[in-house]
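Here the structure comes first, spelled out in structure tokens, and everything after it is commentary.
There are 2 protein chains.
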Amino acid sequence: MLSQAEENYLKAILKLSQKNGQSVSTNAIAEELNTKASSVSDMMKKLSEKSWIHYVKYQGVSLTEKGHSFAVHIVRKHRLWEVFLVNHLNFKLDEVHDIAEQLEHIKSLELVNKLDAFLNFPSFDPHGDPIPNEEGEFPKSSAIPFSELPMKSRGKVVAVVMDEPSFLKYLDKLNISIGSQVEIIEVNEFDDSFDVKINDKQSHISFDVAKNILISLL
Amino acid sequence: MLSQAEENYLKAILKLSQKNGQSVSTNAIAEELNTKASSVSDMMKKLSEKSWIHYVKYQGVSLTEKGHSFAVHIVRKHRLWEVFLVNHLNFKLDEVHDIAEQLEHIKSLELVNKLDAFLNFPSFDPHGDPIPNEEGEFPKSSAIPFSELPMKSRGKVVAVVMDEPSFLKYLDKLNISIGSQVEIIEVNEFDDSFDVKINDKQSHISFDVAKNILISLL
DNA sequence: AATAATTTTTAGACTTATCTAAATTAATAT
DNA sequence: ATATTAATTTAGATAAGTCTAAAAATTATT
Numbered sequence: 002m003l004s005q006a007e008e009n010y011l012k013a014i015l016k017l018s019q020k021n022g023q024s025v026s027t028n029a030i031a032e033e034l035n036t037k038a039s040s041v042s043d044m045m046k047k048l049s050e051k052s053w054i055h056y057v058k059y060q061g062v063s064l065t066e067k068g069h070s071f072a073v074h075i076v077r078k079h080r081l082w083e084v085f086l087v088n089h090l091n092f093k094l095d096e097v098h099d100i101a102e103q104l105e106h107i108k109s110l111e112l113v114n115k116l117d118a119f120l121n122f123p124s125f126d127p128h129g130d131p132i133p134n135e136e137g138e139f140p141k142s143s144a145i146p147f148s149e150l151p152m153k154s155r156g157k158v159v160a161v162v163m164d165e166p167s168f169l170k171y172l173d174k175l176n177i178s179i180g181s182q183v184e185i186i187e188v189n190e191f192d193d194s195f196d197v198k199i200n201d202k203q204s205h206i207s208f209d210v211a212k213n214i215l216i217s218l219l
Numbered sequence: 002m003l004s005q006a007e008e009n010y011l012k013a014i015l016k017l018s019q020k021n022g023q024s025v026s027t028n029a030i031a032e033e034l035n036t037k038a039s040s041v042s043d044m045m046k047k048l049s050e051k052s053w054i055h056y057v058k059y060q061g062v063s064l065t066e067k068g069h070s071f072a073v074h075i076v077r078k079h080r081l082w083e084v085f086l087v088n089h090l091n092f093k094l095d096e097v098h099d100i101a102e103q104l105e106h107i108k109s110l111e112l113v114n115k116l117d118a119f120l121n122f123p124s125f126d127p128h129g130d131p132i133p134n135e136e137g138e139f140p141k142s143s144a145i146p147f148s149e150l151p152m153k154s155r156g157k158v159v160a161v162v163m164d165e166p167s168f169l170k171y172l173d174k175l176n177i178s179i180g181s182q183v184e185i186i187e188v189n190e191f192d193d194s195f196d197v198k199i200n201d202k203q204s205h206i207s208f209d210v211a212k213n214i215l216i217s218l219l
């Protein structure tokens, strides 16, 4: 069984390899985990011996298939717990990370899946990050913030990042809900607001609102 | 901050000192934690230096006030998580211990208290064990199994130990729920069953049912 | 009260995960 | 192509937590 330290390394490698390219450097991992390169080297040797990663000295590392799916599972746990903390325990968005960082190491497949069911199989966490399912598959649609929707392209609302009642109430007023069809008509440079279409009806939203709505391209 | 190992030692000492007497022996701790007496000795030295316990070589240990309240807090976390696992994630009673054993080490006062509120400040966990509140106080009423209620004394149902739907359904049929007033009228020696009063209506329950209902004396 | 049996502690070793400092390899620049 | 710089690895230490085996203290027995 993996130790917490090992799990954190795998997660860091996943994160870095998703962001940048294939091979992840020792220094990058050290920075991500606030540790020293020498500690990383030690751990890479160990993880490699256990076939969690591909490791060639001085050449950086990448996750094996086994390592990848395990790392994804940790991400899944982290994000599901964040949903729980925000939606059910009323934590603020900025308070949940440290706690989820601990909860993600709880070992019980059944727990994760029951939590998933309890939460109604959410596709995105409160930060708008996608939640892989039990098979490790991320929601197909690559969601982007409404504010980054290209002009003229239409999208569907898949998730809402912020969860404050006032915000949700405001979305309601704008007639925006999960599944709504949206489209950007024009960007107003001076205040970064948008003229938009929501279910074919013209409307207007601020940048702050737009960035908290996740869109999947149609 | 306490390590998980240290927390487990404190919890074990609390459990043993509640069960037996004051001073807890090294061997008893070793057995409780499935470890060796020598490991316990080492740890006792450390916990004593940090004033979590009173420790005199060869004389056994007891918790300091600080150690006691910390240990109680761990128990609180453990039992609250058990309530969550059983009542909200639909775990069976016998499946929750190992998971709660992990969850009890999650560090966040806010999390515990928000979980407590989410669960509606329960007084007993699904096994019928009392849950201390934020101040570390156990529910005043010392609940006992219905089967141990003295004759002629009245009690109030505070918790149900078993949680199987069939059992709960049966209790429903008997008109027993949290808060019901109960009283034992007569013990039937030959099958250990009881003639009882439930909310002043006469009824009859088996020993197996009675032992799974927790009563607080009125 | 002396000896035997049991309990507890100490000593020394091992593992995991980390660090600093030094050595090595790779990348960059002249 | 060589020297310099940067990145990475190795070597050796440290701390936490555990173990076995041996020593010391306590308790029980005769």
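Chains as they are written, first to last, in this note's numbering: chain A, 2 to 219; chain B, 2 to 219.
The C-beta atom is built at its ideal place from N, Cα and C for all residues, glycine as well.
Since the model is a prediction, treat every value here as computed from it, not as a measurement.
1. Does A:D126 come out as helix, strand or coil in the three-state DSSP assignment?
2. Could you please give the first and the last residue of the uninterrupted alpha helix (DSSP H) stretch that includes B:G1?
3. Need the endpoints of the alpha helix (DSSP H) that B:F191 sits in, please.
4. Given this structure, state the Cα-to-Cα distance separating A:E149 from A:L48, to the nearest angstrom.
5. Which residue marks the beginning of the alpha helix (DSSP H) containing A:H106, and which one marks its end?
6. Who are B:K157's beta bridge partners in DSSP?
7. How far does the beta strand (DSSP E) with A:Q203 in it reach, from first residue to last?
8. Check A:K58 in the structure and name its three-state DSSP category.
9. Examine chain B for any beta-carbon lying closer than 8 Å to the beta-carbon of A:K1, and answer yes or no.
10. State the beta-bridge partners of B:P131 as determined by DSSP.
11. Would you check if the distance between the CB atom of A:V210 and the CB atom of A:S204 is smaller than 8 Å?
12. So which of A:K67, A:M163 and A:V62 has the shortest CA-CA distance to A:N1?
13. May I ask you to list, following chain order, the residues of the region 105-121 of chain B that have a beta carbon less than 7 Å from some beta carbon of chain A?
14. I need the straight-line Cα distance from A:G22 to A:K16, nearest angstrom please.
15. Give me the Cβ distance between A:V158 and A:I179, rounded to the nearest whole Å; I'm assuming they're in contact under 8 Å.
16. Listing by chain order, which chain B residues have their CB less than 9 Å from the CB of A:F92?
17. For B:E83, does the count of other Cβ atoms within 10 angstroms reach 16, so buried, or fall short, so exposed?
18. Tell me the residue span of the alpha helix (DSSP H) that contains B:E136.
19. Using a Cβ cut-off of 9 Å, pull out every chain A residue sitting near B:I100, in sequence order please.
20. Are any of the Cβ atoms in chain B nearer than 8 Å to that of A:Q60?
21. Below 8 Å between beta carbons: does that hold for A:P127 and A:V87?
22. Measuring straight from C-alpha to C-alpha, what distance separates B:L215 and A:M2?
23. Where does B:K198 sit, in a helix, a strand or coil, going by DSSP?
24. What is the DSSP secondary structure of A:I145, reduced to helix, strand or coil?
25. Provide the residue(s) that pair with A:S63 in DSSP beta bridges, ordered along the chain.
26. For A:H74 and chain B, any beta-carbon pair shorter than 8 Å?
27. If you follow the alpha helix (DSSP H) that B:E96 is part of, which residue opens it and which one closes it?
28. Please decide whether B:Q203 counts as near chain A, where near means a Cβ-Cβ distance under 8 Å.
29. Nearest by alpha-carbon distance to B:I199: which of B:F147, B:A6 and B:K141 is it?
30. How long is the line joining the alpha carbons of A:L34 and B:A72, rounded to whole angstroms?
31. Return the residue from the list B:K51, B:H74 and B:G129 that minimises the CA-CA distance to B:E111.
32. What separation, rounded to the nearest whole angstrom, lies between the Cα atoms of A:L116 and A:I107?
If we stick to the structure as given:
1. Looking up residue 126 of chain A in the first sequence gives position 125. Three-state DSSP puts A:D126 in coil, outside helix and strand.
2. The question about residue 1 of chain B has no answer here: the residues shown for chain B are numbered 2 through 219.
3. Reading the second sequence from its first residue, position 190 is the one you call residue 191 of chain B. Segment: none, B:F191 is in no alpha helix (DSSP H) and carries neither H nor E.
4. Along the first sequence, one-based indexing puts residue 149 of chain A at 148. Along the first sequence, one-based indexing puts residue 48 of chain A at 47. Roughly 38 Å between the two C-alpha positions.
5. Sequence index remark: in the first sequence, residue 106 of chain A carries index 105 (1-based). Looking at the DSSP string, A:H106 is not in any alpha helix (DSSP H), and its letter there is neither H nor E.
6. For the purposes of this step, residue 157 of chain B is taken as residue 156 along the second sequence, with counting starting at 1. Beta-bridge pairing links B:K157 to B:Q182 and B:S217.
7. Here residue 203 of chain A corresponds to residue number 202 of the first sequence, with the count starting at 1. Note, A:Q203: beta strand (DSSP E), K202 to I206.
8. Residue mapping note: residue 58 of chain A aligns to position 57 of the first sequence, counting from 1. If DSSP states are grouped into helix, strand and coil, A:K58 belongs with coil.
9. No answer is possible for residue 1 of chain A: it lies beyond the span of chain A, which begins at 2 and ends at 219.
10. What you label residue 131 of chain B is simply residue 130 of the second sequence in a count that begins at 1. Answer by DSSP bridge pairing, in chain order: B:F125.
11. Here the question's residue 210 of chain A lines up with position 209 in the first sequence. Here the question's residue 204 of chain A lines up with position 203 in the first sequence. No.
12. What is shown of chain A runs 2 to 219, which leaves residue 1 of chain A out entirely.
13. For the region 105-121 of chain B, which is checked against every Cβ of chain A, the residues closer than 7 Å are I107, K108, S109, L112, K115, L116 and F119.
14. Numbered from its first residue, the first sequence carries residue 22 of chain A at position 21. Numbered from its first residue, the first sequence carries residue 16 of chain A at position 15. Spanning the two alpha carbons is a distance of roughly 11 Å.
15. Against the first sequence, residue 158 of chain A aligns to sequence position 157. Against the first sequence, residue 179 of chain A aligns to sequence position 178. Confirmed, about 6 Å.
16. The count along the first sequence starts at 1 and reaches residue 92 of chain A at position 91. Result: E111, L112 and K115.
17. Within the second sequence, the letter at position 82 stands for residue 83 of chain B. Buried, since its Cβ has 16 or more Cβ neighbours within 10 Å.
18. Here residue 136 of chain B refers to the residue found at position 135 when the second sequence is read from its first residue. DSSP places B:E136 outside any alpha helix (DSSP H), giving it a letter other than H or E.
19. The count along the second sequence starts at 1 and reaches residue 100 of chain B at position 99. Under the 9 Å cutoff, chain A gives I107, K108, S109, E111 and L112.
20. For the purposes of this step, residue 60 of chain A is taken as the residue at position 59 of the first sequence. Output row for A:Q60: interface = no.
21. The count along the first sequence starts at 1 and reaches residue 127 of chain A at position 126. The count along the first sequence starts at 1 and reaches residue 87 of chain A at position 86. Yes.
22. The sequence position of residue 215 of chain B within the second sequence is 214, counting from 1. The sequence position of residue 2 of chain A within the first sequence is 1, counting from 1. Their backbone Cα atoms lie some 39 Å apart in a straight line.
23. Reading the second sequence from its first residue, position 197 is the one you call residue 198 of chain B. DSSP places B:K198 in strand when its eight states are reduced to three.
24. Counting from one through the first sequence, the residue named residue 145 of chain A turns up at place 144. Correct three-state label for A:I145: strand.
25. Numbered from its first residue, the first sequence carries residue 63 of chain A at position 62. Looking at the DSSP assignment, A:S63 forms a beta bridge with A:H55.
26. Position 73 of the first sequence holds residue 74 of chain A. A:H74 is outside the set of residues whose beta carbon lies under 8 Å from a beta carbon in chain B.
27. Here the question's residue 96 of chain B lines up with position 95 in the second sequence. Note, B:E96: premise wrong, no alpha helix (DSSP H); not H, not E.
28. One-based indexing of the second sequence puts residue 203 of chain B at position 202. At a cut-off of 8 Å between beta-carbon atoms, B:Q203 makes no contact with chain A.
29. Counting from one through the second sequence, the residue named residue 199 of chain B turns up at place 198. From the listed residues B:F147, B:A6 and B:K141, the smallest Cα separation to B:I199 is found for B:F147.
30. Here residue 34 of chain A refers to the residue found at position 33 of the first sequence. Here residue 72 of chain B refers to the residue found at position 71 of the second sequence. Whole-angstrom Cα-Cα distance: 31 Å.
31. Start at 1 with the first residue of the second sequence, and residue 111 of chain B comes out as number 110. For B:E111, the nearest C-alpha among the options comes from B:H74.
32. Along the first sequence, read from residue 1 onward, the residue named residue 116 of chain A stands at position 115. Along the first sequence, read from residue 1 onward, the residue named residue 107 of chain A stands at position 106. Cα to Cα, the separation comes out at about 12 Å.
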